[in-house]
Amino acid sequence: MAFDGLLMHQLSSELQTLLVGGRIDKVFQPEKDELTINIRGNLGNQNLFISVDSSMPFITCISDRKENPQAPPMFCMLMRKHLTGGKIHAVEQIDYERVFVFTIESKNELGDPEMKKLIVEIMGKHSNIILTKEDFTIIDSIKRITPDMSRVRSILPGLEYTFLETEKISFSKSNSEIIAHLKKHANTQKLYKSFYENIQGFSPLASKWLCRRLNLDPSMAFDALVDADYARMGAFFDELRIPTNQDGKGYVYYDHQENAKMIYYMDNMDPLLVSHSYPTLIRAVEKFYLRTNRENKMHQRTQSLKKLVAQRIERYTTKLAKQELELIDAENADDARKIGDLILSNIYAISKGMNRIDLLDYYVDPPVMRQIELDTRLEPSENAQLHFKKYNKLKNALLELTRQIEDTRADVVYLENVLTHLEHSEDMKLVDEIKDELIGQGYIKGRPQKKAHKTAKLSYKKYQSSSGFEIWVGKSSLQNDLITTKLASNKDMWLHTKDIPGSHVLIRTGGSTPDEQTLYEAAMIAAFYSKARESSNVPVDYTLIKNVSKPSGAKPGMVIYVGNKTLYVTPKHEMIESLEIPQKH
């Protein structure tokens, strides 16, 4: 993903423009390893977001706030105490390392001004947020590092903060100095490794880009270069130092399925991916990281619930298979009656103690001889009654099994829809709503939260088609019920993936007929909020809402519909996101 020192160097310039001179209004801690700092600046209010999640650390300004816990954690309270009302004097990067230092002037308990340092380290699993005094005495950190955890450096209150030492040369040095350093230290290293192992700020991505621009094999030895290569190398170093005042300097790279794969501040970093440009690197970072960050957090927090639902699906699927086998036996009930009739018709030829007899089966045309098993302990008439009793039992079982199979299939379909909603959930309020729903339906044990589902009406997703039609999406079974059975009017258009778990989607027509583009966009949204999100040519049924009905006693989100037509679409993430109507906070 290449959140390297070069990218952070460009990002620091944008953050300086937006944040320096601004005052800190509020501080939140959405997760144990995240901070959101609201800043009132000269260029408008900004939400500085910092994540030091070991799997995906990043820093940027975001346009939308993340959900915050009701009770702020201790580190958040400490940050509020020291930083609220503080003025940002500087945003600096330490050389080309992945370290930002925010210098903030705030007031102490006596009301006197004092300087603080907010240090953000974006270093993979070692990422951290550290608050220090002006002299770098540590006040506290979001991750405390004890001597047992690291022999290199401890991060604890009262200790002096020290920057990590490096033997790499700064990319701020002249090209001749950098090349001289490489000649001295790279030796027989592979070319692309020689860059990121010896120059500050370089990542494998930037190193491979440089090899490609030099038209040299990345795996060749560095000492195989000639003078002409060094001259061209300096020119490309300058290109990597591209000025930060150009438009479109943030790029998100997508594969052909429109899945975001990486981010950088320059175009053409990977010829195998398609890049989309953004007017600022800050917006590109937000675009790439924030959604992925939310998805990762939601995956972690919903994993146990999803596992529980998956287990229930497996249990009901196994139960369904067993019931269907029993149904096959029950469907042969009439054969038991026929055997009983054959025994009675030939009772004169049967005597107690016989274990089988061959009889002419006149129920088939032409009649054939059929071997019938007998119970040696029973009289001939008792053998016949045995099969009649079996017939009556199977006939009753046929009716009961048919009902049970319908119920079990409904359980499987419902739970598969719930699992799909959980996979696509975007906030914990929705997850809590789904959990309460499962408790209410008796699938899991527990006590529903107070005020359950009262936010359902407010939390369904809204989009607007290119032609101006509103498109609503249910994000849970209860929300599906809400928009389909309570909020829709008869002339609205209803969509759902064909035979695939997913959300109910509603086009609010206002009595008008939606155009083909609106139908296509709504169908893409329906496919996106389904189990087939990553598939192509997804079948989506659509029909007027008046053709959709909810059977009496059906589970949440379960409906039947008629008069439908089908569209085949491939979800395009970028197009769908461009249609979203931002939610109000």
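Residue numbers (my numbering): 54 to 638. Glycine residues also receive a C-beta, built at the ideal position from the N, C-alpha and C atoms. As the structure is a computational prediction, the values presented were derived from the model and not from experiment.
Asked                                                                                                                                     : Found
Beta-carbon proximity of Tyr307 to Leu326, cut-off 8 angstroms                                                                            : yes
Assumed close pair Lys140, Glu158 - CB separation to whole angstroms, cut-off 8 angstroms                                                 : 5 angstroms
Sequence ranges, beta strand (DSSP E) only - wholly within the region 543-610, length at least 3                                          : 546-550, 558-561 and 591-597
Asn100, enclosing beta strand (DSSP E) - first and last residue                                                                           : Gly97 to Ser104
Nearest-angstrom Cα separation, counted from Leu454 out to Thr370                                                                         : 15 angstroms
His329: first and last residue of the uninterrupted beta strand (DSSP E) it sits in                                                       : Val327 to Tyr331
Element boundaries [alpha helix (DSSP H), containing Asn436]                                                                              : Pro433 to Glu476
Run of the beta strand (DSSP E) containing Gln146, from where it starts to where it stops                                                 : Lys140 to Gln146
DSSP-derived helix/strand/coil call for Asn533                                                                                            : helix
Beta strand (DSSP E) runs contained entirely in the region 310-369, provided each spans 3 or more residues                                : 313-317 and 327-331
N-terminal and C-terminal residue of the beta strand (DSSP E) that Tyr304 is part of                                                      : Gly303 to Tyr307
Secondary structure of Leu278, DSSP reduced to three states                                                                               : coil
Helix, strand or coil at Leu263 [DSSP, three-state]                                                                                       : helix
Selection from Met322, Glu174, Thr219 and Gln63 that minimises the alpha carbon distance to Arg266                                        : Met322
Closest by C-alpha distance to Val465, when choosing among Glu145, Pro554, Arg133 and Asp276                                              : Pro554
Contacts around Glu377, its chain only, beta-carbon distance under 8 angstroms, and the 5 residues preceding and following it disregarded : Ile458
For Leu343 and Asp78, the rounded distance between their alpha carbons                                                                    : 22 angstroms
Residues bridged to Cys114 (per DSSP)                                                                                                     : Leu101
Cβ-Cβ distance between Ala579 and Ser556 below 8 angstroms                                                                                : yes
Of the residues Gln242, Lys405, Phe56 and Arg423, the one placed nearest Asp388, counting alpha carbons only                              : Arg423
Inside the region 167-214 only - beta strand (DSSP E) runs reaching at least 3 residues                                                   : 181-186 and 191-194
Beta-carbon proximity of Asp57 to Gly177, cut-off 8 angstroms                                                                             : no
Euclidean distance between Cα positions of Thr333 and Tyr304                                                                              : 9 angstroms
Reference Phe115, options His474, Arg336 and Ile598, closest by Cα                                                                        : Before going on, a small fix: residue 115 reads as Ile here, not Phe. Of the listed residues, the one whose Cα sits closest to Ile115 is Arg336.
For Glu87: DSSP bridge partner residues                                                                                                   : Ser104
Distance between beta carbons of Tyr283 and Ser223, contact taken as under 8 angstroms                                                    : Ser223 to Tyr283, Cβ: 19 angstroms. No contact.
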